[in-house]
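Beneath this line is the structure, given in structure tokens, with notes to follow.
Number of protein chains: 2
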Amino acid sequence: MDSDADDGRGGGLGRNLTYGLLDHLGRQIVTGAFETTPFPTEAELSEQHGVSRSVTREAVKMLTAKGLLTARPRQGTSVQPVASWNLFDADVLRWLLERKFSVDLLAQFNQLRAAIEPAAAALAAEAADARALALIEAGFARMEAADRGEDDGLDADIAFHLAILRASGNPFFMQFRELVATALRTSIRFTNRIVGRTADLAAHGAVKEAICARDPARAQQAMAAIIGDVMSLIAEQRAG
Amino acid sequence: MDSDADDGRGGGLGRNLTYGLLDHLGRQIVTGAFETTPFPTEAELSEQHGVSRSVTREAVKMLTAKGLLTARPRQGTSVQPVASWNLFDADVLRWLLERKFSVDLLAQFNQLRAAIEPAAAALAAEAADARALALIEAGFARMEAADRGEDDGLDADIAFHLAILRASGNPFFMQFRELVATALRTSIRFTNRIVGRTADLAAHGAVKEAICARDPARAQQAMAAIIGDVMSLIAEQRAG
DNA sequence: GCTGGTCTATTTATATGATTAAACGGAATC
DNA sequence: GATTCCGTTTAATCATATAAATAGACCAGC
Numbered sequence: 000m001d002s003d004a005d006d007g008r009g010g011g012l013g014r015n016l017t018y019g020l021l022d023h024l025g026r027q028i029v030t031g032a033f034e035t036t037p038f039p040t041e042a043e044l045s046e047q048h049g050v051s052r053s054v055t056r057e058a059v060k061m062l063t064a065k066g067l068l069t070a071r072p073r074q075g076t077s078v079q080p081v082a083s084w085n086l087f088d089a090d091v092l093r094w095l096l097e098r099k100f101s102v103d104l105l106a107q108f109n110q111l112r113a114a115i116e117p118a119a120a121a122l123a124a125e126a127a128d129a130r131a132l133a134l135i136e137a138g139f140a141r142m143e144a145a146d147r148g149e150d151d152g153l154d155a156d157i158a159f160h161l162a163i164l165r166a167s168g169n170p171f172f173m174q175f176r177e178l179v180a181t182a183l184r185t186s187i188r189f190t191n192r193i194v195g196r197t198a199d200l201a202a203h204g205a206v207k208e209a210i211c212a213r214d215p216a217r218a219q220q221a222m223a224a225i226i227g228d229v230m231s232l233i234a235e236q237r238a239g
Numbered sequence: 000m001d002s003d004a005d006d007g008r009g010g011g012l013g014r015n016l017t018y019g020l021l022d023h024l025g026r027q028i029v030t031g032a033f034e035t036t037p038f039p040t041e042a043e044l045s046e047q048h049g050v051s052r053s054v055t056r057e058a059v060k061m062l063t064a065k066g067l068l069t070a071r072p073r074q075g076t077s078v079q080p081v082a083s084w085n086l087f088d089a090d091v092l093r094w095l096l097e098r099k100f101s102v103d104l105l106a107q108f109n110q111l112r113a114a115i116e117p118a119a120a121a122l123a124a125e126a127a128d129a130r131a132l133a134l135i136e137a138g139f140a141r142m143e144a145a146d147r148g149e150d151d152g153l154d155a156d157i158a159f160h161l162a163i164l165r166a167s168g169n170p171f172f173m174q175f176r177e178l179v180a181t182a183l184r185t186s187i188r189f190t191n192r193i194v195g196r197t198a199d200l201a202a203h204g205a206v207k208e209a210i211c212a213r214d215p216a217r218a219q220q221a222m223a224a225i226i227g228d229v230m231s232l233i234a235e236q237r238a239g
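Respectively, the protein sequence lines represent chains A and B.
So in numbering that gives the first Met the number 0, the last spot in the first sequence is 239, and the numbers never skip.
So in numbering that gives the first Met the number 0, the last spot in the second sequence is 239, and the numbers never skip.
Written out as structure tokens, the structure reads:
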């Protein structure tokens, strides 16, 4: 308990010892802390972090459920290859994006967005009910307000994109809500000149209009333009 | 040769008591067993399944990590709303698809495939290396063999689609490999007349050719045609 | 020397108990 | 009526013991 290794308590994530350890180990794993050194045994983890074996085991089990670890008797606990990590777990994605900040990973995530969000916009144009449309319009209104300096640009942008994913009516597309929010929020440090620009406002408005007009093709195209714009800006950052 | 990802005992289900309980509870949750009745307490779970509290707690922690449960002192453990389930966890998806067999869910998953796989095919046409191309060709060769009755049609179909996702070079697209495999394998009972048909062979060949020719647009279009075909067949099943 | 089995040490897996902390209902209080 | 306080319930945590699994050392037999 006099171990100063886990003094980061009190943070929002440190809801309890298990979640604190989960977060700590998750970060360590994605930053490659155990690429050269073997993953500690239960006893070592417990001692290093000053917690009981129960806490250690439950944190390890959660990391196992997220695909980061595997544990076998006598062999010990070891980090799984990246291919088996569940990148669509919000915790895992956050750890990955927060680690060093990988522009490559952000670019790859936006390749995914380029596939997902236009399709979601098209579905939304077909299937959105009144409530979903209202949320999209509310999101856009916030972006307009942000443009006038009356709201937060990032929050407004996120709200708009999440509203469209929700309006798709497809639970698999809705699943990306948390991931997109995480990615946008985590990457703000790097791309804060990108989101919330005036240029975006027109493009977002075009998406909103197309969905309200029940025009899937136009909605898809307009959303593709937004993501394409973001991707080219990331490519610029990458080059220069 | 036979890369048995699943150990003899049904893929880690009966690997130990914790995984057994995890699977059992996961199925119960997605089938709605606790929609009316409250989720049991630790002590009740332990007693009902004849296992120790350690096993119970660790299984609950894994289900928590997958977004199915939440636990708080005094309030007990309770099932989370479906919106917070991690549908991109292979276990969760399998439980969902196996439960009753939901055609709606299968249709929605194929809406996702319609967004993902054409984009992956386009990326593959741009980025695939020699090894990735070889895997795609091997997958197609297996489909041809299956058409002659010399291989399993489902396995061949899965191998082909997974090879393209891998060839995209994007870890987020690769993430869908396990999910697509799970969905195809689980839905075979329902759609076994769909996969492995002769008509598919030409469409799959077109995708392969386009990727080998480094033609992203054509690869995307050809893949979209395949998924579109599957979707219309599901729609038929649904109607009739 | 090689082959095959056994034995042992190590580590996770499981069981069990006791204690602590958090959340909530409701009684007591103002 | 709102607030404070207390008791109950339950998960959270700690601690310890035993079981199971297995990698690697060891050993017998040929």
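C-beta: ideal position from N, C-alpha, C; glycine also.
Check                                                                                                                                                                       : Outcome
Roughly how many angstroms lie between the CA atoms of Asp-228(B) and Ala-224(A), to the nearest whole one?                                                                 : 27 Å
Which of the residues in the region 34-47 of chain A, read from start to end, lie with their CB under 7 Å from any CB of chain B?                                           : none
So, does the CB of Glu-125(B) fall closer than 8 Å to a CB anywhere in chain A?                                                                                             : no
Assuming Val-59(A) contacts Thr-36(A) under a Cβ cut-off of 8 Å, what Cβ separation, rounded to an integer in Å, is found between them?                                     : About 16 Å separates the two Cβ atoms, so there is no contact after all.
Does the region 98-106 of chain B come close enough to the region 130-146 of chain B that 3 or more CB-CB pairs lie under 8 Å?                                              : no
Confirm, please, whether the CB-CB distance from Ile-210(B) to Ala-124(B) is below 8 Å.                                                                                     : yes
What first and last residue would you give for the alpha helix (DSSP H) that runs through Arg-93(B)?                                                                        : 89-98
Using only alpha-carbon positions, find the residue among Phe-108(A), Ser-53(A) and Glu-43(A) that is nearest to Met-173(B).                                                : Phe-108(A)
If I'm right that Ile-115(A) touches Ile-135(A) with Cβ under 8 Å, what's the distance once you round it to whole angstroms?                                                : No, Ile-115(A) and Ile-135(A) are not in contact; Cβ-Cβ is about 16 Å, not under 8 Å.
Need the endpoints of the beta strand (DSSP E) that Ser-77(B) sits in, please.                                                                                              : 75-78
Based on Cα-Cα distance, which residue from Ala-212(A), Leu-183(A) and Leu-104(A) lies nearest to Ala-234(A)?                                                               : Leu-104(A)
Between the C-alpha atoms of Ala-42(B) and Pro-117(B), what's the straight-line distance to the nearest angstrom?                                                           : 49 Å
Answer with buried or exposed for Ser-231(B), where buried requires no fewer than 16 other C-beta atoms within 10 angstroms of its C-beta.                                  : exposed
Go ahead and label Ala-216(B) buried or exposed: buried means 16 or more other beta carbons lie within 10 angstroms of its beta carbon, across all protein chains shown.    : exposed
Quick check: the Cα distance between Ala-241(B) and Arg-147(B), rounded to an integer number of angstroms?                                                                  : As shown, chain B starts at 0 and ends at 239. That puts residue 241(B) outside it, with no answer to give.
Tell me whether His-23(B) is buried or exposed, calling it buried when 16 or more other Cβ atoms sit within 10 Å of its Cβ.                                                 : exposed
By the three-class DSSP mapping on this structure, what secondary structure does Arg-52(A) have?                                                                            : helix
Grouping DSSP H, G and I as helix and E and B as strand, with all else coil, what is Gly-9(B)?                                                                              : In this predicted model, Gly-9(B) has a pLDDT of only 36, less than 50, meaning its place in the structure is not dependable; the value taken from the coordinates is given anyway. Coil.
Can you look up Ile-226(B) in the DSSP assignment and give me helix, strand or coil?                                                                                        : helix
Are any of the Cβ atoms in chain A nearer than 8 Å to that of Leu-80(B)?                                                                                                    : It is Pro, not Leu, that sits at residue 80(B) in the sequence shown. Cβ-Cβ to chain A under 8 Å: no for Pro-80(B).
Expressed to the nearest angstrom, what Euclidean distance is found between the alpha-carbon atoms of Asp-199(B) and Leu-183(B)?                                            : 15 Å
Classify Thr-55(A): buried if its beta carbon has 16 or more other beta carbons within 10 angstroms, exposed otherwise.                                                     : buried
Could you name the residues of the region 149-181 of chain B whose beta carbon sits closer than 8 Å to any beta carbon of chain A, in the order they occur along the chain? : Asn-169, Pro-170, Phe-171, Phe-172, Met-173 and Gln-174
How many Å lie between Leu-95(A) and Ala-238(B) at the Cα?                                                                                                                  : 44 Å
At what residues does the beta strand (DSSP E) containing Leu-68(B) begin and finish?                                                                                       : 68-71
Whose Cβ in chain A lies nearer than 7 Å to the Cβ of Arg-56(B)?                                                                                                            : Glu-57
Go through its chain and collect everything with a Cβ distance to Leu-21(B)'s Cβ below 6 Å, but skip five positions before and after it.                                    : Ala-58 and Met-61
With DSSP as the reference, label Arg-184(A) as helix, strand or coil.                                                                                                      : helix
Need the endpoints of the alpha helix (DSSP H) that Arg-130(B) sits in, please.                                                                                             : 129-146
Tell me the DSSP secondary structure of Ala-201(B) in three-state form.                                                                                                     : helix
Between the Cα of Ser-167(B) and the Cα atoms of Gln-110(B), Ala-120(B), Lys-65(B) and Gly-25(B), which residue gives the shortest distance?                                : Ala-120(B)
Taking just the CA atoms, how far does Ala-212(A) sit from Leu-67(A)?                                                                                                       : 45 Å
Going by C-alpha to C-alpha distance, which of Asp-214(B), Thr-30(B), Ser-53(B) and Glu-46(B) sits closest to Asn-15(B)?                                                    : Ser-53(B)
Give me the chain A residues within the contact set of Asp-88(B), using Cβ-Cβ distance strictly less than 9 Å, ordered along the chain.                                     : Ala-64, Lys-65, Gly-66, Asn-85, Phe-87 and Asp-88
Compare the C-beta of Ile-233(A) against all C-beta atoms of chain B and say whether one is closer than 8 Å.                                                                : no
For my contact list, Ile-187(A) and Leu-153(A) are in at a C-beta cut-off of 8 Å; report their separation, rounded to the angstrom.                                         : 5 Å
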